[in-house]
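Read in order, the letters of the sequence shown are residues 7 to 340 in our numbering.
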Amino acid sequence: MLTEFNHRQAAHCESGTISSLLRHAGLDISEPMAFGLSGAMTFAYIPLIKIGGMPLISYRMPPGRIVKGLTKRLGVSMEYQRFRQPEAGLQALRKHLTAGQPVGLQSSVYWLPYFPEDMRFHFNAHNLVAYAYDNNNFLISDPTFETPVVADAEALQKARFVRGTLAPKGLLYYPSHIPATIDYKSAIARAIKQNSNMMLRTPLPIIGVRGIRFMSRKIRRLASTHDTKEAYNKLYIGHMVRMQEEIGTGGGGFRFLYASFLQESAALLQMPELAQASNSFTDIGDEWRRYALYAAKMIKGRMTMDYDKLADQLVLLAEQEKEAHRQLQAVAFR
């Protein structure tokens with residue numbers, strides 16, 4: 007059984023978890039490279055899926071797509087297990103850890119005992135690495151924390167087998183085979199093409215650049231109901247900020263991760279064009295953070311509520327994202 011694991015704090019739980027598992031298995035890959043190669047960065051405004059009664063707003067593909075997108079692109083074989091019975095899931099976890107195999111787990115943030123109470127909320131797609139156990143306690147490398155943490159078996163079981171949206175069903179996963187060589191040039195080119203096509207060419211009006219503009223129109227319409235639904239409007243905008251900045255790394259954080267991916271790719275492939283594109287995504291990340299700051303100040307009454315200002319900010323972001331992805335599409339991978 008392992009007693010130590012090379013823990014690294016990460017920007018996002020899923021990309022941090024899979025990069026940790028792959029490094030442990032012998033493939034040295036950074037979190038930004040893992041995120042970029044997965045092709046998971048996007049934007050989606052999905053009114054049919056509700057989070058706390060509000061529409062799902064996402065800045066990345068659904069949970070699980072980072073792991074699956076990355077490993078498929080690299081040719082890495084993964085083992086996945088889900089369980090109908092919690093006890094079977096606990097036995098399997100202990101079996102893997104006894105054999106010295108760290109595993110990724112999907113869990114609910116709310117039931118993880120090492121999260122401070124004010125940080126707990128019902129999000130069932132949090133990823134972490136379990137790498138050892140001692141009697142009733144499991145040693146956890148949670149990418150969102152600075153150091154390894156501990157979870158008792160009862161709490162971890164609740165977190166792994168919670169019901170509701172994105173129910174984990176005890177999911178555990180780990181790499182079972184890594185290719186001897188990886189064609190990073192091809193993988194990077196395909197990942198960038200996939201991401202840019204998703205942002206620029208989707209036929210759905212709620213996805214990609216069109217989705218950002220769709221959300222801007224939603225915000226602008228709130229002005230007409232300010233006098234009658236002010237409380238709801240503030241909850242709505244607050245939900246947008248929470249989806250952006252508190253769940254995962256949100257709009258700005260994912261763009262910063264992608265900028266780092268492009269910077270690393272530029273050095274790896276000796277392509278300065280990717281470094282230039284990286285600067286564009288850093289600027290976009292800054293603009294998403296600026297949008298969240300304005301919205302938060304308006305909600306708290308530190309700025310006058312100005313729906314048009316927020317909508318205009320989103321229109322600007324849509325234009326910036328469009329130009330950045332067009333810049334990437336012009337890069338020739340010789």
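Virtual Cβ for every residue (Gly too), placed ideally from N, Cα, C.
For residue 281, the enclosing alpha helix (DSSP H) begins and ends at 278-305. When secondary structure is reduced to three states using DSSP, residue 164 falls in the helix class. A residue is called buried once 16 or more other Cβ atoms fall within 10 Å of its Cβ, and residue 90, having fewer, is exposed. Between residue 200 and residue 45, the C-beta gap is smaller than 8 Å, which places the two residues in contact. Boundaries cannot be given for residue 82, as no alpha helix (DSSP H) includes it and DSSP labels it neither H nor E. Closest option to residue 43, judged by alpha-carbon separation, among 298, 21, 297 and 258: 21. One alpha carbon belongs to residue 158, the other to residue 71, and they sit about 28 Å apart. The C-beta of residue 148 has 16 or more other C-beta atoms within 10 Å across all chains shown, which makes the residue buried.
Residue pairing for residue 155: DSSP places it in a beta bridge opposite 146. Exclusion of the five residues before and after residue 172 leaves 69, 130 and 131 as the residues of its chain whose Cβ lies within less than 7 Å of its Cβ.
Burial check for residue 18: the Cβ neighbour count within 10 Å reaches 16 or more, so the residue is buried. DSSP links residue 60 through a beta bridge to 57. Assignment of residue 108 by DSSP, reduced to helix, strand and coil, places it in the coil class. If you check the CB distance, residue 244 and residue 265 do not come in under 8 Å.
Going by C-alpha positions, residue 230 is about 31 Å away from residue 66. Taken through DSSP and simplified to helix, strand or coil, residue 92 comes out as helix. Residue 85 is classed as exposed because its beta carbon has fewer than 16 other beta carbons within 10 Å across all chains shown.
The beta-carbon separation of residue 109 and residue 136, rounded to 6 Å, stays under the 8 Å limit for a contact. At the C-beta level, residue 293 and residue 335 stay beyond 8 Å of one another. Counting C-beta atoms within 10 angstroms of its own C-beta, residue 15 has fewer than 16 neighbours from the protein chains shown and is therefore classed as exposed.
With three or more CB-CB distances shorter than 8 Å, the stretch 267-277 counts as touching the stretch 32-41. Nearest in C-alpha terms to residue 262, of all of 283, 238 and 287, is 287.
Taking the CA atoms as reference points, residue 35 sits about 12 Å from residue 274.
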